[in-house]
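According to the numbering used here, the sequence shown is numbered sequentially starting from 14. Heads up, the beta-carbon is just placed ideally off N, CA and C, and yes, glycines get one too.
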Amino acid sequence: MKDCIFCKIISHELPAHRVYEDDDFLAFLDIDPVSAGHTLIIPKEHHRWVWDVKNIGAYFKVVQKIAYAMKKAFTVELVESKVVGEEVHHAHVWLFPNPQESTGDKNDFVGNMEKIKVALA
14 MKDCIFCKII
24 SHELPAHRVY
34 EDDDFLAFLD
44 IDPVSAGHTL
54 IIPKEHHRWV
64 WDVKNIGAYF
74 KVVQKIAYAM
84 KKAFTVELVE
94 SKVVGEEVHH
104 AHVWLFPNPQ
114 ESTGDKNDFV
124 GNMEKIKVAL
134 A
């Protein structure tokens, strides 16, 4: 969709701190993070709602992979999640380390991106 901000991120029209990408999904840091490492996971194919994603099992495997990487990267027990879609009309899942446990600087986008990438490797 030409006016969708997430579709513009997917097509590299807009920048993002990308932590994970494959043929079908993209994970990138939220620009207004709740805690260090707050990440959005989106399908590359535009869908209004998460429930409309055709390969939803593969989608949630990526969500799980990112959540485990966050636990390791930010040494937290709890990674919170939200399935949202109100602000941007493109399916997305939020993941963020528990703000009460997280000690990192939530605005250190490059550092947080690298922590997650290292934990994914």
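Assignment of beta-bridge partners to ALA40 by DSSP yields TYR33 and ILE54.
Distance from ALA49 to LYS85 at the Cβ level is roughly 13 Å; contact not present, criterion being Cβ atoms closer than 8 Å. In the assembly as shown, ASP35 is an exposed residue. Its beta-carbon has fewer than 16 other beta-carbons within 10 Å.
Contact between VAL47 and PHE109 holds, with the beta-carbon distance rounding to 5 Å and staying under 8 Å.
Relative to GLY117, the option among ASP37, ILE129 and PRO28 whose CA is nearest is ILE129.
HIS51 is the residue among HIS51, HIS59, VAL89 and ILE79 whose C-alpha sits nearest the C-alpha of VAL123.
For VAL101, the secondary structure class from DSSP, reduced to helix, strand or coil, is coil. Secondary structure note for ASN111: it is in no alpha helix (DSSP H), with a DSSP letter that is neither H nor E.
Taking 4 residues as the minimum length, the region 53-84 contains no alpha helix (DSSP H) run wholly inside it.
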